[in-house]
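Chemist: First the structure, which I've put down as structure tokens, then a few questions once you've had a look.
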Amino acid sequence: VWIGSEAMIMPGIKIGDGAVIGSRSLVTKDVEPYAIIGGNPAKQIKKRFSDEEISLLMEMEWWNWPLDKIKTAMPLLCSSNIFGLHKYWREFAV
1 VWIGSEAMIM PGIKIGDGAV IGSRSLVTKD VEPYAIIGGN PAKQIKKRFS
51 DEEISLLMEM EWWNWPLDKI KTAMPLLCSS NIFGLHKYWR EFAV
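Letter by letter, the sequence shown follows residues 1 to 94 in full-length UniProt numbering.
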């Protein structure tokens, strides 16, 4: 999750994994995983990935992997190859 400076998130709001909230946004509704939102009130601008890719990322929960697996997967994590990352996870990280 990345939250821009001076963003205001109202009490009880849930922010999904991988979401991006623009600076000075007023968040009054729950934010879906991997959504990019902004504005006052904040609205979804777009999704960072396709629905299929988001599903794979949520399944993998790469942020909970052991550190050595994250280090090994760093080239994939820094790319846009979600399917390659999922293949790595199925073969090596599980």
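Each residue gets a CB set at the ideal place from its N, CA and C atoms; glycine is no exception.
If you pair each beta-carbon of the stretch 49 to 63 with each one of the stretch 77 to 94, do three or more pairs fall below 8 Å?
Modeler: yes
Chemist: Whole angstroms are fine: how far does the CA of H86 sit from the CA of T72?
Modeler: Indexing the sequence shown from 1 puts residue 72 at position 72. Indexing the sequence shown from 1 puts residue 86 at position 86. Approximately 13 Å between the Cα atoms of the pair.
Chemist: DSSP state of G84, grouped into three classes?
Modeler: Against the sequence shown, residue 84 aligns to sequence position 84. Correct three-state label for G84: helix.
Chemist: Distance, Cα to Cα, residue 97 vs K29?
Modeler: Residue 97 is absent from the model: the chain starts at 1 and stops at 94.
Chemist: Which partner residues of V1 appear in the DSSP bridge assignment?
Modeler: Within the sequence shown, the letter at position 1 stands for residue 1. V1 pairs with nothing; no bridge assigned.
Chemist: Quick one: complete beta strand (DSSP E) runs, 3+ long, within the stretch 24 to 76?
Modeler: Positions of the beta strand (DSSP E) runs, each at least 3 residues long and wholly inside the stretch 24 to 76, are given as 35 to 39, 42 to 47 in order along the chain.
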